[in-house]
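One structure is given here, and the rest of the page talks about it.
Number of protein chains: 2
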Amino acid sequence: MVTLEHVARAAGVSRATVSRAVTGSGPVSADALRRVRAAAEALGYVADPIARALARGTGTRLVVAMTGTSDAVLDCAYTGRVLSTAARLLAPEGLGVALRRLPLHAPAAELDALARDRTVGGVVLVNTTAEELAAVPRELRGRVVSIGVGSAVVPSVDVDAAAAAAASVAHLVRSGRRRIAMVTGPEWLPCTRRPVAAFRAAVAAAGLPVRTVPGGFDAAAGAAGAEEVLARWPDTDAVLGSCDDVALGVLAVLRRHGRQVPGDVAVTGFDDAPLAEVTDLTTATHPVERITDAAVRAVLTGAPADGTLFFPSELVLRRSA
Amino acid sequence: MVTLEHVARAAGVSRATVSRAVTGSGPVSADALRRVRAAAEALGYVADPIARALARGTGTRLVVAMTGTSDAVLDCAYTGRVLSTAARLLAPEGLGVALRRLPLHAPAAELDALARDRTVGGVVLVNTTAEELAAVPRELRGRVVSIGVGSAVVPSVDVDAAAAAAASVAHLVRSGRRRIAMVTGPEWLPCTRRPVAAFRAAVAAAGLPVRTVPGGFDAAAGAAGAEEVLARWPDTDAVLGSCDDVALGVLAVLRRHGRQVPGDVAVTGFDDAPLAEVTDLTTATHPVERITDAAVRAVLTGAPADGTLFFPSELVLRRSA
DNA sequence: GTGAAAGCGCTAACAG
DNA sequence: CTGTTAGCGCTTTCAC
């Protein structure tokens, strides 16, 4: 194993100088810099992240903290996508990923524990709530980022779900649908409010009735939502699901009620999950990998909070709508 | 932050003694042990994994190494499940998870790099091949485990896919199917050979024709496999898919050919993925969480290799068969 | 600009 | 059985 010491000897300088040269902190003469770089290159030096973490007091892992009402959220496909992306990105840095669930209420204790834990280098909050953002301890600032809503101190990235909802409505209206309902996401989740508002605005602007029912993120919620839609507005000719799983639940209920899709009722989802293609579901893409990528980089670089960074979503037309 | 030093002072012993008491390594008098425990408890001491890793020369993360022909395997749902489980299990230990793909051929270089990387505490090989097992460097022994096939030095855990295949065939035969075909998993993957062998044995034992076609693990492979099955044996009345995705591909092709499911042809999958429930697919469970759990624990404890530990799979009957 | 020296918190010889 | 003594590899004051 080649250490700082070896590079220092090869370059004819002290360990301190090599450290400064390698990390870019502190002053180093152009000449020393060149020699250190050459030596490091020649020896194939790469800093040990563990020793560095111990000396700096920084952590060696990034915690993905999913907010949710139960541990079930940790097993969903979305969590898996976020984790895979983060783990892959961090692998070359010598950093790892850990997974934790944050309780929906009173998350302060958990967040404080994370802030105190010297092994955590940064935190990515997923499905963040306002209560959670308010509870982010000062010590975590600069190394926490949110996927979803953000705050003045917590930078955030998200998909442009509002645009996706608007695009879905536009497509449905264009293809002749006039009585469009939406099964929304979980009510406690702030970032689902944007697409709902966009949906309401879009149908209202088209002069159509505004129909929404509370939903969630799984097929069961979609099924329940569809039942409610059919009960309240039997003439509905299109349903937007908050995500693909919800849309599949909607499809199951429509089939049970003998409604043809897309003949009688059109259905759209959101995510473009693998099952959307298999089930021929019209849906909008959710670039989870790009979003996670941005979030991880933001944590690593300590990016300041300046509004939410939105990633575009694209409508994928298939048989269902 | 409370360190070893604090506990030592409170217990009236040296740091070394506290270390021995806490880790359980080396001799400590019953009296000292008691006092150290009390002090540690009172102060809420918890060892810093980073300092420990630096001193011991062990890593702070566990690498999940997926074998595959392309990076696409890193994005599949299965990888996500493995990663979520591992990340959750490791969180309380202060350890993280990293994700890497191992090339199908000549994996020795990658494995050597992992062995040399001081940040890696252990490795979980997924979809292991014989070539890979042979290339496991000596330095990795005792901290590497395989999900799939194992070797004399690499312990392994897997699902009992052979039993699942046999159970599926038994169910199909019981319900009157007589011309059963199987779309197998990827040919390069050794652990898929067991269920194929079990399938062949089961149909042969029932006095039925043995029909298998090479497949893979995604819907496209299932579709291609189904086309081949229909071309070679048009009278087939049941198809086993190597996994749920494959079964969905099979379903799509059957539908396209106007075959009724389960009327004309029965279809079964394997995994019991979320989409199996949504699409009413008869399938066998794949306890990925339990398997990963066992694998991670084995890496952490350095369990010796003594044959593959198999986890049971259960048939879930739904509409498709 | 540069080097010497003092740690970060823990483990592991080595004497006693 | 226990304490002392060196480190693990890197960062970071603080003099020069």
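Keeping their order, the protein sequence lines are chains A and W. Sequential numbering of the first sequence, starting at 1, is according to full-length UniProt numbering. Sequential numbering of the second sequence, starting at 1, is according to full-length UniProt numbering. Don't be surprised by glycine CBs; every beta carbon is placed ideally from N, CA and C. Quick caveat: nothing in here was measured; it's all calculated off a predicted structure.
DSSP bridge partner residues for residue i (one or two, in chain order)
i         : result
Val-183/W : Val-213/W and Gly-241/W
Ala-65/A  : Arg-100/A and Leu-125/A
Thr-268/W : Leu-240/W and Thr-282/W
Val-296/W : None, per the DSSP bridge assignment.
Val-73/A  : DSSP, once it has assigned bridges, lists no residue as partnering Val-73/A.
Neighbour list for residue i in chain W, Cβ cutoff strictly below 7 Å
i         : result
Pro-49/A  : Thr-119
Ala-53/A  : Ile-50
Thr-236/A : The premise fails here: Thr-236/A is roughly 21 Å from chain W at the closest Cβ pair, so nothing lies under 7 Å.
CB contact flag (residue i, residue j, <9 Å)
i             : j         : result
Thr-279/W     : Gly-225/W : no
Ala-143/A     : Val-123/A : The sequence shown places Arg at residue 143/A, not Ala. Against a cut-off of 9 Å, the Cβ pair of Val-123/A and Arg-143/A comes out as a contact.
Leu-74/W      : Thr-129/W : no
Val-36/A      : Val-22/A  : yes
Leu-140/A     : Glu-132/A : no
Gly-263/W     : Ala-247/W : no
Thr-301/W     : Leu-89/W  : no
Gly-241/A     : Cys-191/A : no
Leu-317/A     : His-171/A : yes
Leu-54/W      : Val-120/W : no
Phe-310/A     : Arg-290/A : no
residue 322/A : Val-267/A : What the structure shows of chain A is the stretch from 1 to 321, and residue 322/A is not part of that stretch, so it cannot be assessed.
Ala-223/W     : Gly-207/W : no
Pro-173/A     : Met-182/A : Pro is not the amino acid found at residue 173/A; the sequence shown has Val there. Not closer than 9 Å, so no.
residue 325/W : Ala-162/W : Only positions 1 to 321 of chain W appear in this structure, which leaves residue 325/W out of reach.
Val-265/A     : Thr-236/A : yes
Asp-272/A     : Asp-245/A : no
Gly-96/A      : Val-46/W  : no
Ala-39/A      : Ala-16/A  : no
residue 323/W : Ser-313/W : Coverage of chain W is limited to positions 1 through 321, which leaves residue 323/W absent and any answer about it impossible.
Ser-151/A     : Ala-305/A : yes
Coil, strand or helix - residue i by DSSP
i         : result
Val-157/A : strand
Phe-311/A : strand
Ala-47/W  : coil
Val-316/A : strand
Val-253/W : helix
Val-22/A  : helix
Val-145/W : strand
Val-36/A  : helix
Val-2/A   : coil
Val-203/W : helix
Val-13/W  : coil
Val-288/W : helix
Val-120/A : strand
Thr-60/A  : coil
Leu-89/W  : helix
Pro-262/A : coil
Arg-178/W : coil
Gly-150/A : coil
Asp-218/W : coil
Ser-84/W  : helix
Leu-189/A : coil
Chain A contact residues for residue i, given Cβ-Cβ distances below 7 Å
i         : result
Leu-95/W  : Gly-96
Arg-177/W : Chain A residues near Arg-177/W: none, gap ~24 Å exceeds 7 Å.
Ala-87/W  : Leu-83, Val-97, Ala-98 and Leu-99
Leu-248/W : Val-278
Ala-219/W : Val-278
Partners in chain A for residue i, counting only beta-carbon separations shorter than 8 Å
i        : result
Thr-79/W : Gly-80 and Ser-84
Leu-74/W : Ser-84 and Arg-88
Integer Cβ distance of residue i from residue j, believed to fall under 8 Å
i             : j         : result
Leu-102/W     : Glu-110/W : 5 Å
Ser-25/W      : Leu-4/W   : That belief does not hold up - the Cβ atoms of Ser-25/W and Leu-4/W are roughly 14 Å apart, past 8 Å.
residue 394/W : Val-210/W : Absent from the model: residue 394/W. The displayed extent of chain W is 1 to 321, so no value can be given.
Ile-50/W      : Thr-283/A : Rounded, the Cβ-Cβ distance is 43 Å, inconsistent with contact.
Ala-303/A     : Pro-137/A : With 8 Å as the limit, Ala-303/A and Pro-137/A do not qualify as a contact, their Cβ atoms being about 19 Å apart.
Gly-80/W      : Ala-276/A : So it is not a contact: roughly 16 Å between Cβ atoms.
Ala-164/W     : Ala-202/W : That belief does not hold up - the Cβ atoms of Ala-164/W and Ala-202/W are roughly 11 Å apart, past 8 Å.
Chain-ordered neighbours of residue i on chain W, where CB pairs are closer than 8 Å
i         : result
Ala-252/A : Val-278
Thr-301/A : Here the premise fails: no neighbours, minimum Cβ distance about 19 Å.
Arg-143/A : The contacting residues do not exist; Arg-143/A stays about 15 Å from chain W at best.
Ala-91/A  : Val-63, Ala-98, Leu-99 and Arg-100
Within chain A, the residues that residue i reaches when beta carbons sit closer than 9 Å
i         : result
Asp-272/W : Ordered by position in chain A, no residue passes the 9 Å Cβ test against Asp-272/W, which lies about 13 Å from the chain.
Leu-102/W : Within chain A, no residue comes near Leu-102/W; the closest Cβ sits about 12 Å away, beyond 9 Å.
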